[in-house]
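Undergrad:
Protein chains: 2
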Amino acid sequence: MNNYTDQLRLHNLKATPQRLAIADALHIHGHITIDSLYGMMLQKFSSISLATIYKNMNLMIENSFVQEVKLPDTKSVYELSKASHSHLLCKECGEVEDVTIDLTSAIKEASTASSFKIESTALTFVGVCKKCS
Amino acid sequence: MNNYTDQLRLHNLKATPQRLAIADALHIHGHITIDSLYGMMLQKFSSISLATIYKNMNLMIENSFVQEVKLPDTKSVYELSKASHSHLLCKECGEVEDVTIDLTSAIKEASTASSFKIESTALTFVGVCKKCS
DNA sequence: CTCTGTGCAAAGCGTTTGCAAACGA
DNA sequence: TCGTTTGCAAACGCTTTGCACAGAG
């Protein structure tokens with residue numbers, strides 16, 4: 240259980256117990272939905288409000304401490320910001336995993352074909368994970 | 240202005256005037272949000288209900304006639320189903336374009352790294368389009 | 001001490017549902 | 001004709017807001 244006090248401050252966020260717990264939950268679980276995060280927080284703070292979760296997640300996203308991951312056919316999950324990477328979604332169990340792959344040739348191909356100046360990519364592979372197959 | 244009667248029937252959807260107009264709007268504009276679709280439909284059917292839009296979009300998605308495209312930092316857009324492809328999103332003007340690129344090596348890389356059995360991909364490039372740069 | 005964050009309750013907004021009348025096949 | 005679709009209004013669920021009190025720095 241890491242201490243995220245400094246990381247929060249670096250992102251201009253005061254280190255409240257609720258925020259530290261949110262950061263821990265994201266660190267431990269990797270990718271979580273708002274609902275499951277609320278459930279986890281309730282175990283630690285029996286009277287935490289969903290409004291507190293939403294306010295903090297929004298602030299954390301604005302301040303680039305956290306990122307939303309939009310997934311096909313299912314709810315978004317949230318993760319701590321980190322180096323650019325892609326995602327794998329298991330359509331059986333819903334698990335989300337990170338994967339880092341080289342997209343330079345794909346980016347080159349797409350910018351040539353379109354004359355867009357590409358700055359980032361959002362890539363999710365959908366399939367079946369090892370456990371489920 | 241194509242006639243989508245048969246296409247709708249192929250997807251087990253009765254060809255009502257509202258549905259034909261939705262198909263035309265998707266065909267003409269490529270990628271549209273629910274709101275802009277509602278606006279367009281209002282011009283043609285002054286008393287069309289938003290509920291009709293939602294019911295039809297949901298049916299069309301279930302029957303694979305239409306697909307939702309989830310985009311980073313902005314609302315989803317909808318498009319007529321077609322061969323697998325990726326998307327370009329202009330972060331200045333919001334325009335969405337289709338682009339077809341070869342992802343076989345990316346898929347191979349990701350499945351090797353993860354031991355997922357990958358079945359599809361959702362890829363959006365974010366950048367600045369020609370007009371906006 | 002000051003300003004920000006928290007929890008609660010209420011409001012807001014997009015989406016879905018139930019129903020009677022209209023319509024497609 | 002029969003089953004589906006439409007439009008309306010109400011319900012719903014998720015997210016945001018306003019406010020008084022508590023807590024971080």
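So the sequence lines, in the order shown, correspond to chains A and B.
Residue numbering for the first sequence follows the working numbering, starting at 240 and increasing by one per position.
Residue numbering for the second sequence follows the working numbering, starting at 240 and increasing by one per position.
Cβ coordinates follow ideal geometry from the N, Cα and C atoms, glycine included.
1) Would you grab the beta carbon distance between residue 316 of chain B and residue 305 of chain B for me? Rounded to a whole angstrom, and I think it's under 8 Å.
2) Between residue 328 of chain A and residue 363 of chain A, is the Cβ-Cβ spacing less than 7 Å?
3) What is the DSSP secondary structure of residue 326 of chain A, reduced to helix, strand or coil?
4) In the DSSP output, what is residue 337 of chain A paired with across the bridge?
5) If we require 3 or more residues per run, which beta strand (DSSP E) segments fall completely within the region 243–314 of chain A?
6) If I'm right that residue 340 of chain B touches residue 358 of chain A with Cβ under 8 Å, what's the distance once you round it to whole angstroms?
7) With distance defined between alpha-carbon atoms, name the residue in A:296, A:303, A:334 and A:313 nearest to residue 321 of chain A.
8) Within 7 Å (strictly less), CB to CB, does residue 354 of chain B reach chain A?
9) For residue 262 of chain B, collect the residues of the same chain with a Cβ closer than 6 Å to its Cβ; drop the 5 residues on either side in sequence, then sort them by chain order.
10) Within a Cβ cutoff of 6 Å, which residues of the same chain sit near residue 331 of chain B, ignoring the five residues on either side of it in sequence?
11) Indicate whether residue 247 of chain A and residue 258 of chain A have their beta-carbon atoms separated by less than 7 Å.
12) Taking only three categories from DSSP, how would you classify residue 348 of chain B?
13) Have a look at A:276, A:296, A:279 and A:270 and flag the residue whose alpha-carbon is nearest the alpha-carbon of residue 326 of chain A.
14) Would you mind sorting residue 265 of chain B into buried or exposed? The rule is 16 or more other CB atoms within 10 Å of its CB.
TA: So, from the listed chains and residues:
1) About 11 Å; that fails the 8 Å criterion.
2) yes
3) strand
4) The secondary-structure analysis by DSSP pairs residue 337 of chain A across a beta bridge with A:326.
5) 305–310
6) Actually they are not in contact, since the Cβ atoms of residue 340 of chain B and residue 358 of chain A sit about 17 Å apart, beyond 8 Å.
7) A:303
8) It does; some Cβ of chain A falls within 7 Å.
9) Excluding its 5 nearest sequence neighbours in each direction, residue 262 of chain B has C-beta neighbours in its own chain below 6 Å: 243, listed in chain order.
10) 367 and 371
11) Taking 7 Å as the Cβ cut-off, residue 247 of chain A and residue 258 of chain A qualify as a contacting pair.
12) helix
13) A:270
14) buried
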